[in-house]
Amino acid sequence: MNFSTKLRPGIVAATIVATFVLVAGVAYANHSWGPPYHWARTSNPFTLKVGDNVSSAWDQYLDVAIADWSQSSVLDLTKVAGGTRPKSCRPTAGRIEACSALYGNTGWLGIARIWITGGEHITKGVVQVNDTYFNTPTYNTPGWRSLVMCQEPGHTLGLGHQDENFNNQPIVPHTCMDYFIPGTNEIVHPNQHDYDQLATIYTHLDTYTTIDASLRLTRAQLDDSETHPEWGGVIQRDASGRTSLYELDLGMGRKVLTHVIWAE
Ligand SMILES: [Zn+2]
Ligand SMILES: [Zn+2]
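Position one of the sequence shown corresponds to residue 52 (the working numbering), numbered consecutively onward.
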């Protein structure tokens, strides 16, 4: 049966319109998750510390992600000793904490969370990958591990997804900021568009820094005493209608954004 031969002109026209809307939708969703959230800093390139709270099964993927994102012309990531227990994955002001643990049947493979001050400046970020799923045959592959361990740190730098549809063709060259099913043994990296986007986000300089627990920030700005386990309201959904981004508004320009990638 050849479906296309049975299409009538009206259906073809409707398909063209639908395709246009989809393309426009992708363009709209392209790399935007609200204002251009970014780490405040007074010069480029800047160095951001990543606390290692991941198990040995994840170390190589975290190392690849750190090396990959450091290819950016505006920033470098450097691995440091972890600052939290992996299960609680509490944030540390001025840096990223990367955690792996058996988080249970939460539905999510990975999340990335950033704390915002002044409406746009990231003060801390966490990445969590859920071994409850990564210990299963479906996800215990270099492809899935590298996709998620590259994508979540990307969010903590201020990037959104390039695409949020698991069912369309993957972006070429592949990027970890795309929703796609990776090859079993593929190691997924960012692509040039991600680096271009970072360069755009970090073009301007700020008058203060949110990096490395700067003493220039007040306690209220850092909001270091609270971890905010709750995600807040849904502000974005993927092509399948599943939630992909949550926002918890703390008032006064402070908020917590939580980006989620779900298990199938
Ligand atoms: Zn800024
Ligand atoms: Zn994501």
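Every residue gets a Cβ at the ideal spot worked out from N, C-alpha and C, and that includes glycine.
Asked, Found
"With distances taken Cα to Cα, identify the nearest neighbour of D257 among T294, Q287, E171 and I165.", "E171"
"So which residues touch the region around ligand 4, with touch meaning a C-beta under 6 Å from any heavy atom?", "This structure does not include ligand 4; its bound ligands are ligand 1 and ligand 2."
"Once the 5 residues before and after F231 are set aside, which same chain residues still bring their CB inside 6 Å of it?", "P221"
"Below 8 Å, can you find three or more Cβ-Cβ pairs linking the segment 196-205 to the segment 226-241?", "yes"
"As an exercise, report each continuous alpha helix (DSSP H) stretch of at least 4 residues that is fully enclosed by the segment 189-231, in chain order.", "193-207"
"Please state whether the Cβ-Cβ distance between G209 and Y297 is less than 8 Å.", "no"
"Under the DSSP definition of a beta bridge, which residues are partnered with W166?", "K175 and V307"
"Just checking H89 against ligand 1 - is the residue's beta carbon closer than 7 Å to any of the ligand's heavy atoms?", "yes"
"Which partner residues does Y154 have in the DSSP bridge list?", "According to DSSP, Y154 bridges with nothing at all."
"Over the uninterrupted alpha helix (DSSP H) stretch that includes D103, give me the two end residues.", "Here D103 belongs to no alpha helix (DSSP H); instead the beta strand (DSSP E) covers F97 to N104."
"How would you label M228, buried or exposed, when you count the other beta carbons within 10 angstroms and need 16 or more for buried?", "buried"
"Apart from the five residues just before and just after A91, which ones in its own chain have a Cβ nearer than 7 Å to its Cβ?", "H172, D257, Y259, T260 and T261"
"Count the other CB atoms within 10 Å of the CB of G205; is the residue buried (16 or more) or exposed (fewer)?", "buried"
"So P142 packs on G176, CB below 8 Å; how close in whole Å?", "7 Å"
"When you compare only the Cα positions, how much space is there between V311 and F217?", "14 Å"
"Please report the distance separating the alpha-carbon of G302 from that of Y112.", "36 Å"
"At a threshold of 7 Å, does E171 count as lining ligand 1 (C-beta to nearest heavy atom)?", "yes"
"Look at the alpha carbon of S121 and the alpha carbon of E315, and state the distance between them as a whole number of angstroms.", "30 Å"
"What are the boundary residues of the alpha helix (DSSP H) that includes T183?", "D182 to F185"
"Quick check on the DSSP output: the beta strand (DSSP E) that includes Y246 runs from which residue to which?", "Where Y246 is concerned, there is no enclosing beta strand (DSSP E), although the alpha helix (DSSP H) it sits in stretches over Q243 to I252."
"What are the boundary residues of the beta strand (DSSP E) that includes A132?", "L126 to A132"
"Could you give the distance in angstroms between the alpha-carbon of G304 and the alpha-carbon of H279?", "16 Å"
"Going by the C-beta, is D257 closer than 7 Å to any heavy atom of ligand 1?", "yes"
"Identify whether L256 lies in helix, strand or coil by the three-state DSSP scheme.", "coil"
"Where does W120 fall in DSSP's three states?", "helix"
"On a CA-only basis, which of Y190, I147, G134 and H255 is nearest T93? Give me that one, please.", "H255"
"Only counting the same chain, and skipping five residues up and downstream in sequence, which positions put a Cβ closer than 6 Å to that of I286?", "L296 and E298"
"Kindly identify the DSSP beta-bridge partner or partners of Y297.", "V285 and T309"
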